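Protein chains in written order, with the numbering used here: chain A, 635 to 827; chain B, 635 to 827.
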DNA sequence: CACGTATTGGGTCGAACGGTCCATCTAGCA
DNA sequence: TGCTAGATGGACCGTTCGACCCAATACGTG
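1. Is there contact between the stretch 648 to 666 of chain A and the stretch 676 to 696 of chain A, where contact requires at least three CB pairs shorter than 8 Å?
2. Is the stretch 801 to 810 of chain A in contact with the stretch 765 to 772 of chain A, if contact means three or more CB pairs nearer than 8 Å?
3. Check the DSSP bridge columns for residue 839(B) and list the partner residues they point to.
4. Is residue 665(B) closer than 8 Å to residue 692(B) when the C-beta atoms are compared?
5. Please confirm whether residue 695(B) has its beta-carbon closer than 8 Å to some beta-carbon of chain A.
6. For residue 821(A), which of helix, strand or coil comes out of DSSP?
7. Classify residue 722(B): buried if its beta carbon has 16 or more other beta carbons within 10 angstroms, exposed otherwise.
8. When you compare the CB positions of residue 781(A) and residue 766(A), do they come within less than 8 Å of one another, or not?
9. For residue 806(B), would you say it is in contact with chain A, using Cβ-to-Cβ distances shorter than 8 Å as the test?
10. Which residues share a DSSP beta bridge with residue 667(B)?
11. Give me the Cβ distance between residue 827(A) and residue 820(B), rounded to the nearest whole Å; I'm assuming they're in contact under 8 Å.
12. Buried or exposed: residue 645(B), going by 16 or more other Cβ atoms within 10 Å of its Cβ?
13. Quick check: what's the CA-CA separation for residue 638(A) versus residue 672(A)?
14. For my contact list, residue 676(A) and residue 706(A) are in at a C-beta cut-off of 8 Å; report their separation, rounded to the angstrom.
15. So is residue 759(B) buried or exposed if we call it buried at 16+ other beta carbons inside 10 Å?
16. Please say whether residue 732(A) and residue 840(A) have beta carbons closer to each other than 8 Å?
17. Give every residue of the same chain whose Cβ lies closer than 8 Å to the Cβ of residue 810(A), excluding the five residues on either side of it in the sequence, and list them in chain order.
18. Residues of chain B with CB closer than 7 Å to the CB of residue 815(A), please, in chain order.
19. Drop a sphere of 10 angstroms on the beta-carbon of residue 696(A), count the other beta-carbons inside from all chains shown, and report buried for 16 or more, exposed for fewer.
20. Report the three-state DSSP secondary structure of residue 791(A) (helix, strand or coil).
21. Looking at the C-beta of residue 755(A), does it have a partner C-beta in chain B at a distance below 8 Å?
22. Just the Cα atoms here: how many angstroms apart are residue 815(B) and residue 808(B)?
23. Taking all protein chains shown into account, decide if residue 688(B) is buried (16 or more other Cβ within 10 angstroms of its Cβ) or exposed.
24. Taking the alpha-carbon of residue 712(B) as reference, which of 764(B), 643(B), 690(B) has the nearest alpha-carbon?
25. What's the call for residue 694(A), buried or exposed, on a 16-neighbour Cβ count within 10 Å?
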């Protein structure tokens with residue numbers, strides 16, 4: 635398998651196995667799938683980076699999910715590829731990782747930059763005025779849900795929905811859900827169907 | 635006064651006098667001011683058209699109020715001028731009225747067409763899903779007003795505001811003010827600031 | 001380890017909300 | 001002259017909402 639410029643020293647079937655093998659084999663690069671049994675790739679990446687700092691991790695995923703990408707970057711991944719890329723592209727990404735470079739699928743480059751921007755500029759300019767859960771509450775209410783319906787769909791109690799709303803009221807300078815949703819629509823936080 | 639092609643046979647100081655004089659003098663055309671003591675021009679126009687069908691009425695007003703214009707057209711006015719037009723334009727409008735034509739100030743022509751459109755197409759396509767007052771309530775709530783604030787600004791009781799809202803809920807298929815306002819925004823009934 | 005934030009949740013309380021009855025008044029219509 | 005729709009209100013009732021307390025858990029930062 636040295637035709638690509640590197641040797642495959644091992645294969646793991648799940649996250650736990652990957653971490654153990656990384657510890658014993660101490661490879662230069664690990665090609666890690668996001669979706670894995672026992673332990674997902676992002677968590678495995680985090681543990682590998684903590685246990686074996688010299689090992690580079692390239693993540694491989696099915697979907698260009700920005701949320702997962704962000705977590706992978708935070709976990710210390712040195713590359714992130716979507717699965718529809720060619721074998722040569724994967725090999726290239728592994729070689730780049732070994733030399734300290736970062737490989738990234740084109741369709742992920744843009745959201746990658748956005749994520750880095752958020753990470754770096756979070757203290758100076760907070761784009762996310764409301765948290766993820768608060769945003770979910772706003773969108774559901776905009777979609778016509780009552781408090782109890784929001785609670786059911788988010789698998790939380792009505793009280794928690796109200797807590798999120800109370801937090802939203804402060805952040806969006808609203809005094810009731812009507813104003814909060816309207817403000818969220820103006821700010822582009824939620825969509826109007 | 636025949637320099638303009640017609641004679642002035644009388645002048646009335648208020649709406650009641652205008653109706654009486656129209657009945658006795660049976661003029662070809664009446665130049666009627668919208669704002670008049672005793673009886674406003676629109677009502678006077680209505681009564682003249684009922685009592686003396688052959689008489690044409692040209693309305694004269696200070697403001698290009700679409701609501702008043704609509705009422706005047708319904709009242710049977712054959713022309714509608716804003717007061718900043720020239721003497722010759724007024725004379726022209728009177729002559730046109732006498733021959734059965736309709737004179738209209740340019741700035742009123744557009745809203746006139748809109749009004750005609752509404753009148754003709756009202757049975758087939760009801761643009762106005764909510765009434766004028768209901769629309770006011772929706773806009774104020776969209777602007778951030780509470781029930782009591784809406785009541786204050788519209789000079790009505792909170793109960794009436796609630797009544798309007800209840801009517802709105804049925805028409806817009808909403809169950810609370812949040813959904814009602816959002817639906818109104820989607821339908822373009824109210825503006826988002 | 002302490003600290004802040006996010007998320008989850010409980011309880012209470014007064015105000016607001018929505019629904020259901022009802023009545024009055026005005027316009028426009030048949 | 002009724003009839004209908006619109007606008008205006010009143011009274012009542014149950015539910016919901018928002019504000020104000022509070023606490024437990026988890027997570028990341030310093």
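Note that the Cβ used here is the ideal one computed from N, Cα and C, for glycine as well. Just so we're clear, the structure is a prediction, and the values are computed from it rather than from any experiment.
Reading from the atomic positions:
1. Output reads yes: the stretch 676 to 696 of chain A touches the stretch 648 to 666 of chain A.
2. Counting Cβ pairs under 8 Å, three or more are found: they touch.
3. Outside the modelled stretch of chain B, which goes from 635 to 827, sits residue 839(B), for which no answer is possible.
4. The answer is yes: Cβ separation under 8 Å.
5. It does not; no Cβ of chain A falls within 8 Å.
6. Secondary structure at residue 821(A): coil, using DSSP grouped into helix, strand and coil.
7. Label assigned to residue 722(B): exposed.
8. No, the Cβ-Cβ distance between residue 781(A) and residue 766(A) is not below 8 Å.
9. At a cut-off of 8 Å between C-beta atoms, residue 806(B) does not count as an interface residue with respect to chain A.
10. BP columns for residue 667(B) point to 694(B).
11. A Cβ-Cβ separation of about 7 Å places residue 827(A) in contact with residue 820(B) under the 8 Å criterion.
12. With fewer than 16 other Cβ atoms within 10 Å, it is exposed.
13. So the alpha carbons of these two residues sit roughly 30 Å apart.
14. Going by Cβ atoms, the distance from residue 676(A) to residue 706(A) rounds to 5 Å, so yes, they are a contact pair.
15. Its pLDDT being 32, under 50, residue 759(B) is placed unreliably in this model, and the coordinates cannot settle the point.
16. Given a span of 635 to 827 for chain A in the structure shown, any question on residue 840(A) remains unanswerable.
17. Contacts found: 803.
18. The contacting residues are 812, 816.
19. Under this definition residue 696(A) is an exposed residue.
20. The DSSP-derived three-state label of residue 791(A) is coil.
21. Because the pLDDT at residue 755(A) is just 37, under 50, the model does not fix this residue reliably, and the value given afterwards should be weighed accordingly. It does not; no Cβ of chain B falls within 8 Å.
22. Cα to Cα, the separation comes out at about 9 Å.
23. Burial is judged here by how many other beta carbons sit within 10 angstroms of a residue's own beta carbon; residue 688(B) has fewer than 16 and is exposed.
24. The shortest C-alpha separation from residue 712(B) is found at 690(B).
25. It counts as buried.
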